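Data first, discussion second: the structure below is written as structure tokens.
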Amino acid sequence: MLTCSILSVSAIKHALPNWLKQIFADKNNGSLAFDHIELSFSVMALTRHTMTTLSDVTIIGGGIIGLLTARECLLAGLSVTVMDKGQMGQESSWAGGGILLPLYPWRQAEAISQLVMHSLTLYPALIEELNIASGIDPECVVSGMLITKNPDIEAALAWCTEHAIANSTPPESLIASLTTAALNPLWLPEIRQVRNPRLLQAVQADLKLKGVSFITDCELIDLQVQQRRVQSIFTTTGRYAVKTVILTTGAWTGGLWQRLFPVQTFSPPIIHPIKGQMLLFDTKPKMLLPIVLDEAHYLIPRLDGKILVGSTVERCDFNKNTDTETKAQLTDFAQQLFPALRQYPIINHWAGLRPGTEQGIPYIALHPELENLSINAGHFRNGLAMAPASAQLLVDLLLKRAPKIALDPYQFNCPH
Ligand SMILES: Cc1cc2nc3c(=O)[nH]c(=O)nc-3n(C[C@H](O)[C@H](O)[C@H](O)COP(=O)(O)OP(=O)(O)OC[C@H]3O[C@@H](n4cnc5c(N)ncnc54)[C@H](O)[C@@H]3O)c2cc1C
Numbered sequence: 001m002l003t004c005s006i007l008s009v010s011a012i013k014h015a016l017p018n019w020l021k022q023i024f025a026d027k028n029n030g031s032l033a034f035d036h037i038e039l040s041f042s043v044m045a046l047t048r049h050t051m052t053t054l055s056d057v058t059i060i061g062g063g064i065i066g067l068l069t070a071r072e073c074l075l076a077g078l079s080v081t082v083m084d085k086g087q088m089g090q091e092s093s094w095a096g097g098g099i100l101l102p103l104y105p106w107r108q109a110e111a112i113s114q115l116v117m118h119s120l121t122l123y124p125a126l127i128e129e130l131n132i133a134s135g136i137d138p139e140c141v142v143s144g145m146l147i148t149k150n151p152d153i154e155a156a157l158a159w160c161t162e163h164a165i166a167n168s169t170p171p172e173s174l175i176a177s178l179t180t181a182a183l184n185p186l187w188l189p190e191i192r193q194v195r196n197p198r199l200l201q202a203v204q205a206d207l208k209l210k211g212v213s214f215i216t217d218c219e220l221i222d223l224q225v226q227q228r229r230v231q232s233i234f235t236t237t238g239r240y241a242v243k244t245v246i247l248t249t250g251a252w253t254g255g256l257w258q259r260l261f262p263v264q265t266f267s268p269p270i271i272h273p274i275k276g277q278m279l280l281f282d283t284k285p286k287m288l289l290p291i292v293l294d295e296a297h298y299l300i301p302r303l304d305g306k307i308l309v310g311s312t313v314e315r316c317d318f319n320k321n322t323d324t325e326t327k328a329q330l331t332d333f334a335q336q337l338f339p340a341l342r343q344y345p346i347i348n349h350w351a352g353l354r355p356g357t358e359q360g361i362p363y364i365a366l367h368p369e370l371e372n373l374s375i376n377a378g379h380f381r382n383g384l385a386m387a388p389a390s391a392q393l394l395v396d397l398l399l400k401r402a403p404k405i406a407l408d409p410y411q412f413n414c415p416h
């Protein structure tokens, strides 16, 4: 009976296999009105015989943060299982733009710059290794970034100097094809972008070759905790015994945490979904060379001539719908800034859910009370730019290795 005293009834309902749900439904004229005692015996009988033990590390959430955290664990000699409620790499990490620099980084917390700068040093080797192992090129290219309007140019230049980011006023040729009232325009010639859907494919292929187990369509519902440890997890496909659990559940982390820990003894992670809509134009290669940031919106040219237009920042309730009004606004922005786009079709319009924290600082921390649970989530607008360093830092924490950057800003008791 121990199991049922710890789990919520709704968690158990989800964890039951469909055949058992059907038995309960049939007994209750189609409704899943459970009798607690009856349920307890059934679940005990079920789980006692079917529980399997997962790898050294179980990672919940297969976005870029989960996948690179898995890779970092593997490289440290640990076996890893990654579990996702859907398919791997299909949520925010797929939807994002892949600019490897925050927008106006000098207006953001230094804790973000720290992770981004360290990631920029890790990316070249990571991309080369992924390319060789998987045969998939994530197209991590130096396209440079042109920022057209900088009312706070002194702060921008000071930030570039502090972080050794090359900069200059843009050559006339870069601005010539654009229509904008530039104000102190800034050219950052060494900024990179990565083609995030390809990066996700390359990491998955690499992890498969390295022996990671993937479990898809499997949602974490609840934890069984005993003696300050997570002993097992309850999911929509069954119960698994676990050794170490890492939550990399992106925009879902805030709500999930509240369900897992309804009684909090310390500040829980505050992470909300923030929707971003993007458009895709199909143009010719090299029509536009740099990433262009013009006030709140940007254009990202891919190598094959596709140009992404982003993005919106909308508080939402896990709703990934797109709307025609936003499509019109993004289209207007793009065609006014870069009139050549009027000749080319829009071939896609999508939305993703960013894991929004108030300042954009992620939680990279061990659970203060449970020995084997940690979190790597809340990267908001810069998850791709921060992912390699964020994964490394979490594994530094787990294995008690000396961290490359200061840990404090990412802990539960700091503002995020
Ligand atoms: C429009 C847009 C543009 C962006 N542009 C950029 C950019 O240019 N540069 C940049 O660096 N960042 C950008 N971002 C932000 C970046 O995409 C995110 O910060 C990053 O993808 C977060 O990664 P993640 O792995 O935490 O989340 P996700 O990729 O969302 O992955 C979380 C995973 O957890 C799974 N999951 C959730 N709950 C459960 C559960 N209970 N059980 C099992 N699995 C679960 C989900 O299914 C999902 O696959 C952009 C985002 C958007 C939406």
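Counting from 1, one number per residue, gives the positions in the sequence shown under our numbering. Don't be surprised by glycine CBs; every beta carbon is placed ideally from N, CA and C. It should be emphasised that the depicted structure is a prediction, and the values quoted were computed from it without experimental measurement.
One thing to note: G378 has its Cβ no nearer than 8 Å to the Cβ of A109. Selection I60, Q392, Q343, P197 evaluated against E72 yields Q392 as nearest (Cα-Cα).
Taking T265 as reference, the option from S92, N196, L183, N413 with the minimal CA-CA separation is N413.
Judged by DSSP in its simplified three-state form, A76 adopts coil rather than helix or strand. Annotation note: the segment 129-209 contains the following uninterrupted beta strand (DSSP E) runs of length 3 or greater, listed N- to C-terminal: 145-147, 186-188.
No heavy atom of ligand 1 is found nearer than 7 Å to the CB of G135. The C-beta distance from A365 to I375 rounds to 6 Å, short enough to fall under 8 Å.
Less than 8 Å separates the beta-carbon of R192 from that of Y123.
Linking R239 to Q90 through their CA atoms gives a straight-line distance of about 24 Å. By the beta-carbon neighbour count (other beta carbons within 10 angstroms, threshold 16), Q258 is exposed. Three or more Cβ pairs drawn from the segment 55-66 and the segment 82-100 lie within less than 8 Å of each other, which places the two stretches in contact. Placement of the Cβ of S93 at a distance of less than 7 Å from at least one heavy atom of ligand 1 is found. A distance criterion of 7 Å places the beta-carbon of K85 in contact range of ligand 1, judged by its closest non-hydrogen atom. With respect to L293, I307 sits apart: the two C-beta atoms are not nearer than 8 Å.
The closest heavy atom of ligand 1 lies 7 Å or more from the beta carbon of Q329. Between T244 and D56, the C-beta gap is smaller than 8 Å, which places the two residues in contact. Here R401 is exposed, its C-beta having fewer than 16 other C-beta atoms within 10 Å. Checking the DSSP bridge columns, you'll see L279 partnered with V309, H349.
Relative to the non-hydrogen atoms of ligand 1, the Cβ of M287 never comes closer than 7 Å to any of them. Distance check between L199 and each of P189, G383, L256 places G383 closest, using alpha-carbon atoms only. For L146, the closest alpha carbon among the candidates I127, A133, L103 is that of L103. Scanning F380, T179, L370, L373 for the CA closest to the CA of I270 turns up F380.
Membership of R259 in the alpha helix (DSSP H) is indicated by the continuous run 253-260. The three-state secondary structure of T121, taken from DSSP, is helix. Per the coordinates, the alpha-carbon of A340 lies some 8 Å from the alpha-carbon of S177. A direct Cα-to-Cα measurement between I274 and D317 gives close to 8 Å. In its chain, beyond the 5 residues on either side, S55, T81 have a beta carbon closer than 7 Å to the beta carbon of S213. Relative to ligand 1, W106 has its C-beta separated by 7 Å or more from all heavy atoms. Between L115 and H416, the alpha-carbon positions lie close to 14 Å from each other. With a 10 Å radius around the Cβ and a threshold of 16 neighbouring Cβ atoms, I347 comes out exposed. In this structure G144 is in contact with E190, their Cβ atoms being roughly 7 Å apart against a cut-off of 8 Å.
For S143, the distance from the CB to the nearest heavy atom of ligand 1 is not below 7 Å.
Excluding residues up to 5 positions away in sequence, A111, I361 lie with their Cβ nearer than 7 Å to the Cβ of P409 in the same chain.
Taken from the Cβ of W252, at least one heavy atom of ligand 1 lies inside 7 Å.
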